[in-house]
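Numbering (my numbering), first residue to last: 149 to 310.
Quick reminder that beta carbons are idealized off the backbone N, C-alpha and C, glycines included.
A short write-up of the structure that comes next.
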């Protein structure tokens, strides 16, 4: 994420002075140089500062300092899911959980169902168990429109690329 003068494309200082890899694997596990990050406060800090550039690249930003994050699939993975009249109650791969409106659900042209988190800025996927639970709440019309049919809510699920 650096350009030739040691700054990121947005003009901020970059932390890429020494080689490192901050990554999120397909299961939502955060790693630093291949070692899992397990401290809850450290994970929360990175999660809270994760952003996505217009070109689709992920990075963390702490004040004027930015650093790239390699994301294998989706940065967030839903581990537990329940449907209420208030929305979908989701527990992520990194605490805490949250309640999200089903209006934030999307599906890719390939059929993967995800949900937009962090005010719609970042995509999340569902693990097998939470995905099966979500599947019980989805229906498709004859025209191919996918619908969320949960407690008190019936909304279409938009097709989107992420």
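Self-check item: Helix, strand or coil at residue 235 according to DSSP, with G and I counted as helix
Solution: Numbered from its first residue, the chain shown carries residue 235 at position 87. Residue state, collapsed to three classes: strand.
Exercise. Could you work out which residue in 208, 192 and 230 is closest to residue 241 when comparing CA atoms only?
Key: Numbered from its first residue, the chain shown carries residue 241 at position 93. Of 208, 192 and 230, the residue nearest in Cα terms is 192.
Quiz item: What do you get for residue 152, buried or exposed, if any count of 16 or more other CB atoms within 10 angstroms of its CB means buried?
Solution: For the purposes of this step, residue 152 is identified with residue 4 of the chain shown, where counting begins at 1. Low confidence applies here, because residue 152 scores a pLDDT of 47, under 50, leaving its location unreliable; read the following figure in that light. Answer is exposed; the Cβ neighbour count stays below 16.
Self-check item: Outcome for residue 204 when other beta-carbon atoms lying within 10 angstroms are tallied against a minimum of 16
Solution: For the purposes of this step, residue 204 is taken as the residue at position 56 of the chain shown. So residue 204 counts as exposed.
Quiz prompt | Those runs of the alpha helix (DSSP H) which lie wholly inside the stretch 182 to 238 and span at least 4 residues | solution = 188 to 197
Quiz item: Do three or more CB pairs link the stretch 177 to 187 to the stretch 284 to 304 at distances below 8 Å?
Solution: no
Practice problem: Go through its chain and collect everything with a Cβ distance to residue 262's Cβ below 8 Å, but skip five positions before and after it. | Solution: For the purposes of this step, residue 262 is taken as residue 114 along the chain shown, with counting starting at 1. Counting only Cβ-Cβ distances below 8 Å, and skipping sequence neighbours, we find 222, 253, 254, 255, 256, 271, 272, 273, 274 and 310.
Quiz item: So what's residue 250 in DSSP terms, helix, strand or just coil?
Solution: Along the chain shown, read from residue 1 onward, the residue named residue 250 stands at position 102. Reduced to three states, the DSSP call for residue 250 is helix.
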